[in-house]
Amino acid sequence: MTPTDITRAINDLLFTPGLGLEEAIDRHFTADYRQRTNGVWSDRASFAQHMTRLRSLIRSGHIEVHDELRDGLRYADRHTVTLGHHDGHTSRTEVYLFAHLAPDGRFRCVEETTLLVTGRTDDQNLGLIT
């Protein structure tokens, strides 16, 4: 299996119409996946619920990776996600991400810090793996 990266993961999770959420999550995240965003931990089930909510709020978007490093099973990047919301507004979030990959190349654990660059105050709570 080709090791995942944030671009493939976000594109499958949010920007690939017709791809089921469970299939997208299975492609890029292990069964024991955990994530900490801005100090708050969640497990894979909570992550899936969050992605379901995000899919219902956004109509389009893209990711831009500014820096990306890989060292064995460690992965880090700095990226910006731009989201077009169904209500017509746009938000941009910058993310600093550090991850551990499983031997099969999927994300096992992600720790990230996010910064809302543009958007509404309530967009701050959208914290992605983005």
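Residue numbers (the working numbering): 1249 to 1378.
Backbone N, C-alpha and C define an ideal beta-carbon position, used for all residues, glycine too.
For F1295, the three-state DSSP class (helix, strand or coil)
Looking up residue 1295 in the sequence shown gives position 47. F1295: helix per DSSP, three-state reduction.
So does F1277 have its beta carbon nearer than 7 Å to some heavy atom of the ligand FAD?
As for the ligand FAD, it is missing from this structure, which has no ligand bound.
Would you check if the distance between the CB atom of F1355 and the CB atom of H1276 is smaller than 8 Å?
Taking the sequence shown and counting its residues from 1, the one referred to as residue 1355 is at position 107. Taking the sequence shown and counting its residues from 1, the one referred to as residue 1276 is at position 28. Yes, the pair counts as a contact, with Cβ atoms nearer than the cut-off.
Could you pull out every unbroken alpha helix (DSSP H) segment of at least 4 residues lying fully inside the region 1279-1348, listed in chain order?
1292-1305
Within 8 Å, do at least three Cβ pairs link the region 1276-1289 to the region 1348-1363?
yes
Minimum C-alpha distance to V1365 - residue among D1335, V1329, H1348
Residue 1365 sits at position 117 when you count from the first residue of the sequence shown. Closest by alpha carbon: V1329.
Identify every residue that forms a DSSP beta bridge with F1355.
By one-based count along the sequence shown, residue 1355 stands at place 107. F1277, L1349, per the DSSP bridge assignment.
By Cβ distance, which residues of its chain are closer than 6 Å to T1338, with the 5 residues on each side in sequence left out?
As a working note, residue 1338 is residue 90 in the sequence shown. Excluding positions up to five away in sequence, the list reads G1332.
Given a cut-off of 8 Å on the beta-carbon distance, is the pair E1342 and L1363 in contact?
Working through the sequence shown from its first residue, we reach residue 1342 at position 94. Working through the sequence shown from its first residue, we reach residue 1363 at position 115. A contact, by the Cβ cut-off of 8 Å.
Beta-carbon proximity of M1299 to L1269, cut-off 8 Å:
Taking the first residue of the sequence shown as 1, we reach residue 1299 at position 51. Taking the first residue of the sequence shown as 1, we reach residue 1269 at position 21. Yes, these two residues count as a Cβ contact at 8 Å.
May I ask you to report which of helix, strand or coil DSSP gives T1264?
On the sequence shown, residue 1264 is found 16 positions in, with the first residue counted as 1. Of the three classes helix, strand and coil, the one that applies to T1264 here is coil, per DSSP.
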